[in-house]
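First residue of the sequence shown? That's 1 in UniProt numbering, and the numbers climb one at a time after it.
All C-beta atoms, glycine included, are put in the ideal place defined by N, C-alpha and C.
Note that the structure is predicted; figures quoted are calculated from it, not measured.
Take a look at the structure set out below.
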Amino acid sequence: MTPVFKVKSFTPKGTCFQLILVTILLFISSNVWSQKAKGAKNIYAKDNLIAWCIVPFDSKNRGPVERAEMLNRLGINKLAYDWREKHIPTFDAELDALKSHKIDLQAFWLYSGPEPEKDKNLAIILDVLKRHKVKTQIWCMVAGIEDLDQMTQQEKVNVHARAVAYIADKAAEIGCSVGLYNHGGWFGEPENQLEIINYLKKPNIGIVYNLHHAEEQIETFPKFFPKMLPHLMAFNVAGLQKGNPVKVVPVGQGDAEMEMMQIVKRSSYSGPVGIINENFAPDAEEGLKMNLDGLKKILKETGDTAALKTY
1 MTPVFKVKSF TPKGTCFQLI LVTILLFISS NVWSQKAKGA KNIYAKDNLI AWCIVPFDSK
61 NRGPVERAEM LNRLGINKLA YDWREKHIPT FDAELDALKS HKIDLQAFWL YSGPEPEKDK
121 NLAIILDVLK RHKVKTQIWC MVAGIEDLDQ MTQQEKVNVH ARAVAYIADK AAEIGCSVGL
181 YNHGGWFGEP ENQLEIINYL KKPNIGIVYN LHHAEEQIET FPKFFPKMLP HLMAFNVAGL
241 QKGNPVKVVP VGQGDAEMEM MQIVKRSSYS GPVGIINENF APDAEEGLKM NLDGLKKILK
301 ETGDTAALKT Y
């Protein structure tokens with residue numbers, strides 16, 4: 001709350017000076033408070049990290065309890081759950097294991113098509129979340145739309161928006177939100193996702209942005225990030241090595257991710273940060289350790305000692 005300054009009554013002669021003085025004091029005070037609010041949460045602190053891409057990308061094929069125990073060992077208290085068909089029978093066990101090991105289910109992945117009302121997996125996900133009374137994010141990709149290349153931009157927005165709206169409405173019924181996930185293609189472009197969001201104007205829809213799918217967006221990131229910022233729900237980091245083609249590498253081994261991460265750090269973003277193991281190491285635990293080490297390297301190089309102390 002901005003402090004209230006009491007100003008005594010004054011004569012017309014001193015009015016101009018006193019008004020200027022009050023304005024300066026209020027400006028300084030509001031900026032101090034805004035800086036405190038902005039710095040209230042360090043987004044790269046360890047307790048703000050989400051483990052991501054560790055379920056199918058794991059040579060040890062850990063089950064729910066083994067996965068939760070691994071996260072406990074690493075000191076990561078959030079999981080975004082990237083399942084495959086074979087994991088559906090263990091959905092309940094996964095949520096039970098996370099709860100018993102004090103790990104938050106930050107997100108549940110969903111890959112759906114143009115008619116999500118016919119998607120049996122969506123119904124299964126909504127049911128398990130409802131039964132366990134878990135309110136989380138659904139990281140959503142919409143694909144499989146035919147003749148997309150023959151549509152106008154507005155037609156593309158409309159057909160994707162229809163699917164997203166259905167998913168978002170069903171998610172809202174159980175207190176969940178939906179994050180549009182960038183994974184290449186038309187739907188994976190942040191500018192197109194923003195058009196869908198602006199078209200639908202639903203409060204529980206945002207964007208999940210992944211550096212490991214940002215190979216074509218390094219140069220344009222500073223331009224579109226401010227537009228994406230009000231809708232950003234999660235930011236997943238990875239290393240990006242410039243070249244033709246751009247290579248996705250572990251965090252700290254690229255030459256582009258540091259500046260992109262600093263842009264996010266300097267912004268008002270205060271949400272979670274994902275750390276991944278997609279094709280970095282056969283063992284998910286080793287892959288997460290590799291990226292944790294890379295993240296610590298970047299924190300050291302950028303002088304982020306506050307975040308570094310949490311590791």
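Counting the other CB atoms within 10 Å of its CB gives Arg67 a total of 16 or more, which places it among the buried residues. Inter-segment contact for the stretch 233-247 and the stretch 263-282 is present: three or more beta-carbon pairs are separated by less than 8 angstroms. By DSSP's assignment, Asn210 forms a beta bridge with Asn236.
Taken through DSSP and simplified to helix, strand or coil, Met151 comes out as coil. When the beta-carbon positions are compared, Ala168 and Val178 come within less than 8 angstroms of each other.
When beta bridges are read from the DSSP output, Ile145 appears opposite no residue. In this structure, Gln262 and Val249 do not form a Cβ contact; the two beta carbons are roughly 18 angstroms apart against a cut-off of 8 angstroms. Remark: C-beta atoms of Gly113 and Gly144 approach each other more closely than 8 angstroms.
Approximately 6 angstroms separates the beta-carbon atoms of Asp92 and Val128; this is inside 8 angstroms, confirming the contact. If you draw a straight line from the Cα of Leu194 to the Cα of Asp304, it comes to about 31 angstroms. For Gly294, the enclosing alpha helix (DSSP H) covers residues 284-301. Excluding its 5 nearest sequence neighbours in each direction, Leu148 has C-beta neighbours in its own chain below 7 angstroms: Lys156, Trp186, listed in chain order. The continuous beta strand (DSSP E) containing Asp104 extends over residues 104-112.
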